[in-house]
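The structure appears right after this line, and notes come after that.
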Amino acid sequence: MAEDPTLPTDAVPVVARIVRLSYYIAEKVDRNLAKFDLTRGEFEVMAVLVRNPNEKVTPKLLQSKILITSGGLSNRIRKLEEKNFLTRQHDEADRRNVILTATPLGRRVTLKAVVSHMQIERSIIERLSGEEKLGLAKLLKRLILVQQHELNKDGLR
């Protein structure tokens, strides 16, 4: 930086580009999912339910899969239930547990959203060569793993 030439700036171009790319991706994804009356968070919930139709998906299990607070998840579940995309039922084996299930409407909408979402993802990287895609995926995975390790130093998950 001009103010202090001793500041290490080697991370700035990488991190700034990742942040900018994240913004562009979020904009495209949000705009696309809105066509299906879904937010990114709601799509995450529905994707887990649709991928696991024969599993007893509880809010606690969902929390571990999509990394969200219980309050945030409750809000998503409530909104999806209002849209008739999922149902809540008490678990027959343990009445304290609630089982979440995609409704037929929720399943149809989610499957259409998945197809469209995959097209959006493909369009984002379509101008990269196969080798560039693999290289970028490896580098990003490495950065993510380092951050996960840093966040979990205390052993908590």
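Each residue of the sequence shown is one higher than the one before, counting from -19 in my numbering. Positions of the beta carbon are idealized from the N, C-alpha and C atoms, including for glycine. Bear in mind that the values here come from a model prediction, so they are computed numbers and not experimental data.
Beta bridge counterpart(s) of Leu66 as assigned by DSSP: Ala82
Through-space distance from Leu66 to Asp(-10), alpha-carbon basis: 47 Å
For Val37, the residue or residues it bridges with in DSSP: Leu80
C-alpha gap between Leu1 and Ile104, whole angstroms: 10 Å
Classification of Ala(-4) by the beta-carbon crowding that lies within 10 angstroms, buried from 16 upward: exposed
Option nearest Val199 by Cα separation, candidates Arg20, Gln69, Leu60 and Ala6: Absent from the structure is residue 199, since the part of the chain shown begins at -19 and ends at 137.
Ala(-9), enclosing alpha helix (DSSP H) - first and last residue: Premise fails: Ala(-9) is in no alpha helix (DSSP H) and is neither H nor E.
Buried versus exposed, by CB contacts within 10 Å (16 or more), Thr90: buried
Phe23 in three-state terms, based on DSSP: helix
Touching by the beta-carbon criterion (3+ pairs, under 8 Å), the region 22 to 38 and the region 113 to 122: no
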